[in-house]
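So the structure is just underneath, and the comments pick up after that.
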Amino acid sequence: MNFKDILVPYDNSANSKRALKQAFVLASLTDGKITIIHSISYDKAIGKIIEPYKETILRHIKEFMTEIEHGASKLDIPISKEILYGNPAEKILDLMKKKNFDIVIIGRRGTNKLTGPSLGSVSNAIVQNSQVPVLVIM
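Residues 369 to 506 (this note's numbering) are what the sequence shown spells out, left to right.
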């Protein structure tokens, strides 16, 4: 299989940073391109809570996405970025249905430390429902 179109769900956690590094390696080997997505958990209840902080949150996300873009340009790897709103697992799976990714590279768990040593809820949902290979980075 040729892994040229790589999806990396990214939340700026240590695991997602390791996943991104592996995506850079794979893209370099296959002349591939990477799509980085960050999903903001967002529903009506959470929306009311985070609304006053929305600009700060978006600025922070755009900052780390820009850093990723600069790193990719140094390696001559094409990159696209998307910010999604809603349930992260659902939004990632929806995007995977719309676009033809060859592989998903995801950290074992993100910023939520409640899941312990096992897979996080998002990475578990992706592994269970993906139609393409998923590389889970520990």
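Glycine included, each C-beta is placed from N, C-alpha and C at the ideal position.
N-terminal and C-terminal residue of the beta strand (DSSP E) that Gly454 is part of: Note, Gly454: premise wrong, no beta strand (DSSP E); not H, not E.
According to DSSP, is Pro377 helix, strand or coil? strand
On the CB-based measure, 16 or more other CB atoms within 10 Å of its CB, does Asp379 come out buried or exposed? buried
Compare the beta carbon distance of Asp507 and Phe469 with 7 angstroms and say whether it is the shorter of the two. In this structure the chain extends from 369 to 506, so residue 507 is not present and cannot be described.
Select from Ile436, Ile405, Lys430 and Lys412 the residue whose C-alpha is nearest the C-alpha of Val490. Ile405
So is the beta-carbon of Lys389 under 6 angstroms away from any non-hydrogen atom of the ligand SAH? The ligand SAH is absent from the structure shown, which contains no ligands of any kind.
Can you give the beta carbon distance from Ser384 to Ile445, rounded, assuming they're within the 8 angstroms contact cut? 17 angstroms between Cβ atoms; not a contact.
Just confirm the distance between the C-beta atoms of Ile505 and Arg476, as a whole number of angstroms; I'd bet it's less than 8 angstroms. 6 angstroms
So, helix, strand or coil for Lys467, using DSSP? coil
Let's see if you can read the secondary structure: which residues bound the beta strand (DSSP E) around Val504? Val502 to Ile505
Please report the straight-line C-alpha distance between Asn510 and Leu503, rounded to a whole angstrom. Residue 510 cannot be examined here, being either before or after the span of the chain that is shown, 369 to 506.
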